[in-house]
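Notes to accompany the following structure.
Residue numbers (mature numbering (1 follows the signal peptide of the UniProt record, and there is no 0)): -23 to -1, 1 to 102.
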């Protein structure tokens, strides 16, 4: 493969990765925006108010991918002074049923689709 063609393939791969990373960032930020009103209760021993619990339960019931995206990017959570443990404590205080295996299966599915995308693009010579 000549250098021009090689650089072209590398450029396409970098662009595709950047688009996926930007989409994931958007998903995480969308979720963070939803939980921000509950943030003070994530660092508190006092129980969160019902409006906060309603928000957190709504995320678990209707938008689990949002929560998984946030949990899969702990560096972004740290940036806004949150951790997965903080969020799980609020969920527990609210009596919400969090099933961590749903995030694991989502992550596995994303990884396998990324792997098959990678094998497809590496097969082009």
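We put the beta carbon where it would ideally sit given N, CA and C, even for glycine. All values reported here derive from a predicted model rather than from experimental measurement.
Item, Value
"Would you mind sorting residue 14 into buried or exposed? The rule is 16 or more other CB atoms within 10 Å of its CB.", "exposed"
"Can you check which of these residues, 76, 66 and 73, is closest to residue 18 by C-alpha distance?", "66"
"Determine, using beta carbons only, whether residue 61 comes closer than 8 Å to chain D.", "The chain labelled as chain D is not found in the depicted structure, where only one protein chain is given."
"How would you write the range of the alpha helix (DSSP H) that residue 103 sits in, first residue to last?", "Nothing can be reported for residue 103: it is not among the residues displayed for the chain, which extend from -23 to 102."
"Taking the alpha carbon of residue 51 as the reference point, which residue from 60, 43, 45 and 73 has its own alpha carbon closest?", "60"
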